[in-house]
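Just below is one structure, and these are the notes that go with it.
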Amino acid sequence: MLPTTVELSSKSMVVIEEEEQVLMDKILGDTDQLGVIAIVGMSGLGKTTLAKKLYHHENLVNRFDVRSWCTCVSQVHDKKKILLELLGYEFKRHVEIERSEDELIQQVQRCLRKRRYLIVIDDVWSTIICDDLVSIFPDDNNKSRIIVTTRLDELLNSSVNYSFCYTRRLSSITEDKSWSLLKNTVFKEENNCCPQELEEIGKQIAKSCAGLPLAIVLIGGLLARLDKNKGYWTKVTQWLSASAKVAGVAVVH
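Quick note on numbering: the UniProt record's numbering labels position 250 of the sequence shown as 250, and the sequence is numbered without any gaps.
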């Protein structure tokens, strides 16, 4: 039985580590205006994991007066629900659900006014949602930042005139990095050393995950719990060949 969710361990951050510094430089850049940074890519590439690392990074925790995180859990445009989540997440205060959307917007603006803030809006499905949300945040020229994760390439190409925006597109990793990540996940207790008899079939398994870090770590987590022998790994290879998806992540055969 495969796990449905998994956190990438610190030793498994093959791509995440490479992207983190690029985005950190943008967040800490010299631009005083409110900046919108979009992390774009298909499911399984680690967009949310990357956003979490940035959100909890010591340099950013100490830099911003206010930090808040919200997740667009569905494709339905529910601005009020997102506003309630933003207020509840950061300010730990009771917010009356009966309040109108306009009242919630005013409350968010009062909370953020004249304060340097970092807002993360995770898994945005619509340019409308993004535009509506970003437009309510005040720009006091104090280096506040908004991070958005999305699968939409065109997210920041809408009619809203963002003062400063940057799009970082995540791509699938190479076969070599896929194999390195799989080894790291499966053999972390053995100093990442894979027995020679498992190397060829291991590379086949890594390749079948289509360069998606999340899929690789999911499969790696399974292999780490199984006996490390060719018989079990062959069964996993056969299962991958017969399956169209791995825990919701498409696999290329």
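Idealized CB from N, CA, C, for every residue including glycine.
Mark residue i as exposed unless 16 or more other C-beta atoms lie within 10 angstroms of its C-beta, in which case mark it buried.
i: Arg115; result: exposed
i: Cys165; result: buried
i: Gln196; result: exposed
i: Ser171; result: exposed
i: Ser178; result: buried
i: Asp122; result: buried
i: Cys193; result: exposed
i: Glu200; result: exposed
i: Lys53; result: buried
i: residue 256; result: Residue 256 lies beyond the residue range present for the chain, which begins at 1 and ends at 253; the question has no answer from this structure.
i: Ser144; result: buried
i: Lys235; result: exposed
i: Glu19; result: buried
i: Ala242; result: exposed
i: Val134; result: buried
In three-state DSSP terms, what is residue i?
i: Asp176; result: helix
i: Leu87; result: helix
i: Ser126; result: coil
i: Arg147; result: The sequence given here places Ile at residue 147; Arg does not occur at that position. Ile147: strand per DSSP, three-state reduction.
i: Gly46; result: coil
i: Cys165; result: strand
i: Thr185; result: helix
i: Ile136; result: coil
i: Arg67; result: strand
i: Leu152; result: coil
i: Glu20; result: helix
i: Leu118; result: strand
i: Lys79; result: helix
Taking the CB atoms as reference points, tell me whether residue i and residue j lie closer together than 9 Å.
i: Thr127; j: Glu85; result: no
i: Leu118; j: Leu60; result: yes
i: Tyr232; j: Leu223; result: yes
i: Ile39; j: Val148; result: yes
i: Arg67; j: Val120; result: yes
i: Thr237; j: Gly211; result: no
i: Leu34; j: Ile129; result: no
i: Leu83; j: Val108; result: yes
i: Leu45; j: Leu214; result: yes
i: Asn184; j: Gly221; result: no
i: Asp140; j: Arg110; result: no
i: Leu79; j: Thr150; result: First, the residue type needs correcting, since residue 79 is Lys and not Leu in the sequence shown. No, the Cβ-Cβ distance between Lys79 and Thr150 is not below 9 Å.
Taking the C-alpha atoms as reference points, what is the distance between residue i and residue j?
i: Val105; j: Phe137; result: Note on identity: in this sequence residue 105 is Ile, with Val being the wrong assignment. So the two alpha carbons sit approximately 9 Å from each other.
i: residue 263; j: Asp32; result: With the chain represented from 1 up to 253, any question about residue 263 goes unanswered, as that position is not in the structure.
i: Met24; j: Lys230; result: 42 Å
i: Leu152; j: Ser43; result: 11 Å
i: Asp227; j: Ser208; result: 21 Å
i: Gly202; j: Leu182; result: 8 Å
i: Phe187; j: Cys72; result: 35 Å
i: Ser180; j: Glu101; result: 48 Å
i: Ile37; j: Thr167; result: 6 Å
i: Leu87; j: His56; result: 18 Å
i: Asp30; j: Glu17; result: 23 Å
i: Asn191; j: Phe64; result: 38 Å
i: Ile205; j: Lys81; result: 41 Å
i: Asp132; j: Glu103; result: 15 Å
i: Gln21; j: Arg225; result: 33 Å
i: Arg99; j: Cys70; result: 19 Å
i: Asn62; j: Gly41; result: 28 Å
Is residue i close to the ligand NAP? I mean its beta-carbon at under 8 Å from any heavy atom of the ligand.
i: Trp125; result: Among the ligands in the structure shown, none appear at all, so the ligand NAP cannot be discussed.
4 or more residues per run - each alpha helix (DSSP H) lying fully within the region 199-247:
For the region 199-247, whole alpha helix (DSSP H) runs of length 4 or above, ordered along the chain, are 213-225 and 230-242.
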